[in-house]
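Shown next, in structure tokens, is the structure this report addresses.
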Amino acid sequence: MNVCLQLLFPPYSKVQSRARNLVQNRSSDLWRHVPGELNPTYLLSRGSPPRLFSYSLWWEGPSWLLEPPSNWSIDCLACETSEVEREKRKVRLCNLVAVEGEIPWYAIKFSNFQSIIRFVSWMLRFVKNAKKMLQFREIGNLTVHEIEHAEKTLIKIFQAKFFPFEDSFPIMNVITDEEGIKRVKTRITERSDNPEFIYPIILPGECLFTQRLIEYYHRQNCHAGTQILLGILRERFWIVRGRRVVWKIVRNCIRCQRYKCKSPGSEPVSLPSDRVNDAAVFEVVGVDLAGLLYVKGGQKSWIVLLTCTTYRDVHLELTSSLSTEAFFLLSLRRFIAKRGRPRVIYSDNGTNFRGAQGELSGIDREIILKLNTIQSIIWKFNPPTAA
Numbered sequence: 001m002n003v004c005l006q007l008l009f010p011p012y013s014k015v016q017s018r019a020r021n022l023v024q025n026r027s028s029d030l031w032r033h034v035p036g037e038l039n040p041t042y043l044l045s046r047g048s049p050p051r052l053f054s055y056s057l058w059w060e061g062p063s064w065l066l067e068p069p070s071n072w073s074i075d076c077l078a079c080e081t082s083e084v085e086r087e088k089r090k091v092r093l094c095n096l097v098a099v100e101g102e103i104p105w106y107a108i109k110f111s112n113f114q115s116i117i118r119f120v121s122w123m124l125r126f127v128k129n130a131k132k133m134l135q136f137r138e139i140g141n142l143t144v145h146e147i148e149h150a151e152k153t154l155i156k157i158f159q160a161k162f163f164p165f166e167d168s169f170p171i172m173n174v175i176t177d178e179e180g181i182k183r184v185k186t187r188i189t190e191r192s193d194n195p196e197f198i199y200p201i202i203l204p205g206e207c208l209f210t211q212r213l214i215e216y217y218h219r220q221n222c223h224a225g226t227q228i229l230l231g232i233l234r235e236r237f238w239i240v241r242g243r244r245v246v247w248k249i250v251r252n253c254i255r256c257q258r259y260k261c262k263s264p265g266s267e268p269v270s271l272p273s274d275r276v277n278d279a280a281v282f283e284v285v286g287v288d289l290a291g292l293l294y295v296k297g298g299q300k301s302w303i304v305l306l307t308c309t310t311y312r313d314v315h316l317e318l319t320s321s322l323s324t325e326a327f328f329l330l331s332l333r334r335f336i337a338k339r340g341r342p343r344v345i346y347s348d349n350g351t352n353f354r355g356a357q358g359e360l361s362g363i364d365r366e367i368i369l370k371l372n373t374i375q376s377i378i379w380k381f382n383p384p385t386a387a
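In case it helps, full-length UniProt numbering puts the sequence shown at residues 1 to 387.
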């Protein structure tokens, strides 16, 4: 009970958090200690006798509670902090040091990854030539070895700026190769593959150099999406929070946004009456040609395609000539004999027939209109270049 009394005083944060509600409601000077023999709640913990109903301590409490507080013989006890000290919360201070690497000026000046690499390559060649005699200096275009050396040098610079300490890596299994480049040790070390794939180079995700690298690989791989681009990058590099960084680069790509945008659509027009009204099969038809085909013997042939505009039924006729007699009269007569006389026939305006040049010169449009008028068939030509 003495421990409970000590918990009411708030010298420590842990004790204060446990007794906050009690301390806020009552002052700590008003709390008193009731001995165990006068505490009615102890009767239950010690085992209550059958004649509990006759115990005045249980029903009324200690007799001195009926007197004024000044006559109480129970005073505030001195605070014993020995037991409270054992429950004192141990405070541990953790200092977080945030290191922001200074971005080199050439990483900001150039907006292209290749430009940064070539600039550093020329800088390294200048430094190397400055240490040599004139006749031993390297001249001419940059070599592949110089480009690779500049790329590795930049990687080591940015790794040192963003990962200055050994515990700065978010991934624990990081090793350093013989060139001083920090790599991630993956779980496929037993695989006989490219060492760069087994031990990819770790790069900071928020680094401007890494963003230029991702943009370069994005353009080199035909503006690949997030998943494909991330897989290609992981063949050589392990980017911290790579998926989020790659997704942001792909989303902000101007060319990708241009190709993903939706073209403004036109309002769909109503279908013509011949397409929606009830009609018999092949009452309204459309006619067109398909071919050229070669039948047995090397003879040229074409297919006359007649389709019902209402029910989309198809009727095919074979013709060996594009003359008016063979193409139209005979094919139409065979169609009428099998399917019945149509009421309306739709066809194009002949612009698609011009590829046949002289072979279609025998088709006489006037004869077609005259014969259809006699048979009470309405012939309608579509406008040229109409869909």
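Even for Gly, the Cβ is constructed at its ideal location relative to N, Cα and C. Please read all numbers here as calculations on a predicted model, not as lab measurements.
Phenylalanine 158 and cysteine 207 do touch by the CB rule: their CB atoms are close to 5 Å apart, below 8 Å.
One Cα belongs to leucine 230, the other to arginine 255, and the distance between them is close to 19 Å. The Cβ neighbour count for tyrosine 259, taken over all protein chains shown within 10 Å, is under 16; the residue is labelled exposed. Taken in chain order, the whole alpha helix (DSSP H) runs of length 4 or more contained in the segment 194-237 are 195-198, 208-220, 226-233. No Cβ-Cβ contact shorter than 8 Å links phenylalanine 119 with tyrosine 216. Looking at the backbone, the Cα of valine 314 and that of glycine 265 are separated by about 31 Å. For valine 285, the pairing in a beta bridge is given by DSSP as Cys308, Ile345.
Boundaries cannot be given for glutamate 37, as no alpha helix (DSSP H) includes it and DSSP labels it neither H nor E. Per DSSP, phenylalanine 381 is one residue of the beta strand (DSSP E) stretching across 378-381. Here the alpha carbon of tryptophan 105 sits roughly 35 Å from the alpha carbon of cysteine 261.
Excluding residues up to 5 positions away in sequence, Leu203, Gly205, Thr210, Leu233, Val245 lie with their Cβ nearer than 7 Å to the Cβ of isoleucine 239 in the same chain. At least 8 Å separates the beta-carbon of leucine 322 from that of serine 301. CA-CA distance, valine 304 to glutamate 267, rounds to 33 Å. Assignment of alpha helix (DSSP H) within the segment 116-173, counting only whole runs of 4 or more residues, yields 144-162 in chain order.
Within the DSSP bridge table, the entry for alanine 290 names Ile303 as partners. For threonine 176 against lysine 185, the beta-carbon gap comes to about 11 Å, at or over 8 Å, which does not count as contact. In the same chain as glutamate 151, and ignoring 5 residues on each side of it, the C-beta atoms closer than 6 Å to its own belong to Ile117, in chain order. In this structure, the straight-line span from the alpha carbon of serine 270 to that of glycine 291 is close to 32 Å. Between isoleucine 139 and phenylalanine 126, the alpha-carbon positions lie close to 10 Å from each other. Taking a 10 Å sphere around the C-beta of alanine 130, we find fewer than 16 other C-beta atoms and assign the residue as exposed. Here the C-alpha atom of isoleucine 155 lies approximately 25 Å from the C-alpha atom of glycine 225.
Straight through space, the alpha carbons of methionine 133 and methionine 123 are spaced by roughly 17 Å.
Within the same chain, Cβ atoms closer than 6 Å to the Cβ of aspartate 348 are found at Asn382, the five residues on either side in sequence being excluded.
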